[in-house]
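Residue numbers (our numbering), protein chains in the order written: chain A, 75 to 573; chain B, 469 to 954.
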């Protein structure tokens with residue numbers, strides 16, 4: 075694929091990646107903390123609106139990378155500054171740019187100490203996250219990937235809850251361990267092929283045993299990020315301790331990077347190894363769905379429930395991706411987006427509860443619905459979405475995954491069914507307790523219902539939940555071509571193996 | 469000596485003249501700011517001479533010196549680091565009531581010694597440069613003579629460095645006895661015959677010379693002095709010890725080892741491999757046990773020179789390039805780290821325990837952010853120069869198929885994350901966590917706010933670290949052009 079040909083004169087993606095960094099530099103100079111907040115909101119909102127213009131120029135019918143920028147960076151080592159997006163990254167980029175302003179609003183009053191530094195961390199995170207989804211050079215990708223590590227650890231370790239230092243270190247060490255394997259795989263690929271260009275690395279006839287090793291390194295690194303079942307233990311700690319905005323970023327964007335890694339690297343670069351390992355990964359995903367759901371059911375901390383439900387949802391995403399059939403993989407990718415919207419909304423809702431009763435304990439929050447009917451309405455929709463109620467976004471994604479699973483193996487599909495029932499159980503448990511409570515609820519007489527800021531904060535999530543739920547066509551249409559292309563690569567390589 | 473010889477040695481002459489000028493000024497007017505400004509001006513003037521020297525392409529000033537682009541690049545690097553050390557020393561010494569002007573004379577003399585080493589092409593200039601550097605350093609280490617630790621460190625450094633000089637001299641004598649020459653090009657020519665280190669004298673001589681250099685670089689097993697002296701010396705002097713006094717030895721060692729073909733003398737390269745592995749592992753493992761930042765940085769410097777030896781073993785232009793680039797990133801990170809320590813140290817002690825740094829982010833976000841950046845670069849996290857430096861080292865090692873060394877490098881870097889992270893975590897944890905930290909951080913209340921020259925210098929160095937990590941191409945192209953001869 076010749077990348078230089080399609081270079082456009084206007085560096086759309088570069089602007090999108092580096093605008094938050096410029097905004098952070100400006101925020102650094104501002105003195106007044108209130109000004110910093112207003113500026114950050116203005117900047118992230120402007121970037122969000124700006125990013126929507128991507129949709130105008132994007133051609134959904136092709137799997138080619140678009141908006142490509144290709145410049146010299148470190149030619150001595152064959153590293154280039156290459157950015158570009160396809161259907162998969164487009165939705166994730168939009169998710170990133172659209173969610174960040176809401177993180178700013180969610181932290182408006184909660185973060186009191188050093189809120190300027192907090193906002194700067196958020197903006198740096200946005201640059202790194204957008205960079206991860208747009209980079210087409212492996213070293214560039216790795217630099218963005220690692221660049222998230224420090225601001226995210228700081229977000230958890232400085233503005234988090236009581237156990238924040240432990241959670242931040244755990245997050246740092248887990249991610250770092252994955253990154254080491256990732257860089258080893260990148261260097262090995264470079265030694266084998268002589269290039270760092272991601273499109274050039276795809277769909278190449280690598281040796282089977284070489285693929286198995288590379289896949290192993292990729293898999294562990296991305297599985298930690300997802301997190302998949304045996305690698306998930308950093309997640310509850312990080313989620314519980316992180317401030318609301320940190321939890322939202324973690325759940326909505328960071329967890330997607332692991333699944334994005336599977337789609338972008340594992341499938342097209344190491345297709346033979348993907349086919350080899352896919353059955354094992356499918357069962358790991360089933361384990362994640364069941365384990366995540368059952369553990370969520372046993373928690374009394376609201377944030378922990380949502381955190382473990384993330385493990386289960388992401389299990390659906392990886393399950394769908396590794397089914398390697400049309401419906402399944404598209405479903406998996408859609409689950410990623412849905413999880414970003416729904417879980418982000420649930421974490422904000424938990425944050426709202428915490429601000430009012432200063433506890434995330436389910437028993438302390440019981441019966442809040444009487445004082446907060448508007449909140450109960452929002453929470454109801456979010457919980458229904460999380461349990462994949464028809465008409466909400468998650469239903470579409472999980473339904474596609476299930477359909478794909480039935481195509482592949484009946485036993486596998488039947489094994490997921492209990493997971494869906496458990497999801498209904500823990501979500502209805504939250505809803506029942508928080509909205510109605512029991513006969514003896516704690517005293518909530520001083521608690522106020524949602525203010526205008528909070529309603530504005532939650533409404534867009536509601537809109538997207540219903541929009542994707544009722545009309546998923548445009549969303550699927552954007553990524554269908556790219557995903558089909560990846561599946562074709564996998565099919566071709568297995569075809570070459572058994573003609 | 470011809471005029472062109474003088475032109476080639478212009479930076480050295482300017483630094484020497486500045487030392488004399490500072491001495492004369494002190495005898496009439498004692499003011500440490502004047503001395504410091506004069507020193508910085510002299511160092512800048514010497515750096516300004518570099519373009520003229522560079523154009524005088526690769527000229528030998530026979531028989532002692534060879535001023536080539538490689539040497540010029542390092543002269544520039546050392547002068548830049550010396551400017552930073554001078555600025556740090558000025559603010560550090562402001563806190564002491566003592567005669568402070570002489571410090572700058574010593575500093576200039578040791579810089580001169582280091583500059584001589586970068587262009588040394590002969591055992592005589594090698595030894596003279598090294599002695600000029602070391603003798604001034606003995607005094608600089610013990611300069612704050614009211615502190616027991618500083619004097620102890622000075623004496624320790626004196627004894628050990630004297631012993632090293634003896635090793636080095638003996639080694640040189642043995643090589644001279646065998647080959648009848650002390651000039652590097654002639655030694656290379658003699659060894660070019662292909663029979664390698666044919667006689668035991670030659671082998672013993674080479675080993676002794678390398679051991680002497682190893683002491684200066686503080687690689688295992690010549691590393692014992694490092695933590696004590698790093699801890700005892702005033703922080704700016706430690707910065708100097710960790711950067712300038714090591715880099716010039718790296719340069720001279722690269723020149724010296726270029727004479728040895730790795731196929732002809734496998735034993736030597738095996739020895740270097742063992743030393744490199746031992747340094748990486750020992751440095752990183754012992755750093756885990758420390759509670760003192762200066763000691764942590766001392767052990768980490770042992771490990772870093774172990775990493776650097778990987779490039780030595782790899783050899784060739786790629787090795788020299790990786791080593792040089794690594795030095796540049798190491799310089800920037802180390803100077804920032806010690807700069808922060810120097811800046812925060814109150815007059816009665818060094819701010820060097822990890823507890824001192826608890827909650828630093830909350831009281832002083834500026835120094836805390838800079839120190840974190842420096843530590844992240846030493847870890848080798850992307851975005852910082854340290855990542856690119858390590859990346860090139862790994863690249864050079866992989867090209868030369870040094871899998872054992874690379875494995876040790878990867879494992880020991882993973883270990884190193886822990887102790888660097890400990891300092892970072894301490895800086896970002898809040899002060900309320902432990903009641904006694906309030907009074908611990910109280911001395912910092914007396915330090916002036918950032919925004920003076922020290923802050924500016926550190927911010928520039930930190931910016932350099934980021935540039936090296938994100939867009940190293942210009943520096944890389946320059947290094948590539950100067951290391952072509954290896």
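Beta carbons: idealized from backbone N, C-alpha and C, even for Gly.
Does residue i come out as helix, strand or coil in the three-state DSSP assignment?
i	result
residue 832 of chain B	coil
residue 590 of chain B	strand
residue 467 of chain A	helix
residue 140 of chain A	strand
residue 651 of chain B	strand
residue 612 of chain B	coil
residue 285 of chain A	helix
residue 301 of chain A	coil
residue 691 of chain B	coil
residue 630 of chain B	helix
residue 564 of chain B	coil
residue 446 of chain A	coil
residue 306 of chain A	coil
residue 848 of chain B	coil
residue 428 of chain A	helix
residue 120 of chain A	helix
List the residues that DSSP assigns as beta-bridge partners of residue i.
i	result
residue 148 of chain A	A:153
residue 271 of chain A	A:211
residue 821 of chain B	B:760
residue 159 of chain A	A:140
residue 435 of chain A	A:375
So the candidates are the options; which of them puts its Cα closest to the Cα of residue i?
i	options	result
residue 816 of chain B	B:509, B:836, B:942, B:563	B:563
residue 324 of chain A	A:416, A:96, A:400	A:416
residue 305 of chain A	A:281, A:258, A:222, A:358	A:358
residue 135 of chain A	A:452, A:558, A:285	A:558
residue 542 of chain A	A:476, A:487, A:472	A:472
residue 772 of chain B	B:710, B:581, B:555, B:789	B:710
residue 550 of chain B	B:591, B:505, B:521	B:505
residue 942 of chain B	B:793, B:521, B:621	B:793
residue 340 of chain A	A:526, A:286, A:481	A:286
residue 272 of chain A	A:208, A:383, A:104	A:208
residue 106 of chain A	A:191, A:127, A:396	A:191
residue 301 of chain A	A:317, A:365, A:279, A:283	A:365
residue 944 of chain B	A:108, A:261, A:110, A:149	A:149
residue 481 of chain A	A:563, A:238, A:401, A:425	A:401
residue 377 of chain A	A:419, A:362, A:459, A:403	A:419
Determine, for residue i, whether the minimum Cβ-Cβ distance to residues of chain A falls below 8 Å.
i	result
residue 863 of chain B	yes
residue 808 of chain B	no
residue 849 of chain B	yes
residue 786 of chain B	no
residue 924 of chain B	no
residue 936 of chain B	no
I'd like to know if residue i contacts chain B, where contact means its C-beta is closer than 8 Å to some C-beta of that chain.
i	result
residue 147 of chain A	yes
residue 221 of chain A	yes
residue 107 of chain A	no
residue 232 of chain A	yes
residue 591 of chain A	A question about residue 591 of chain A goes unanswered here, because the residues of chain A that appear run from 75 up to 573.
residue 151 of chain A	yes
residue 250 of chain A	yes
residue 265 of chain A	yes
residue 535 of chain A	no
residue 144 of chain A	no
Are there any heavy atoms of the ligand NAP lying less than 7 Å away from the beta-carbon of residue i, as far as the coordinates show?
i	result
residue 204 of chain A	Ligands in the displayed structure: none, and consequently the ligand NAP is not present.
Exercise for review: Taking only runs that begin and end inside the segment 198–245 of chain A, name each unbroken alpha helix (DSSP H) of 4 or more residues, in chain order.
Suggested key: 212–221, 223–233
**Study point:** Uninterrupted alpha helix (DSSP H) stretches inside the segment 311–343 of chain A (no shorter than 4 residues)
**Key:** Runs of the alpha helix (DSSP H) inside the segment 311–343 of chain A: 318–323, 329–335.
Exercise for review: Within the segment 480–554 of chain A, note down every full alpha helix (DSSP H) run reaching 4 residues or more, in order along the chain.
Suggested key: 484–505, 526–544
Point to revise | Segments of 3+ residues assigned as beta strand (DSSP E) that fall wholly inside the segment 80–104 of chain A | key: Taking only runs of at least 3 residues, no beta strand (DSSP E) segment lies wholly in the segment 80–104 of chain A.
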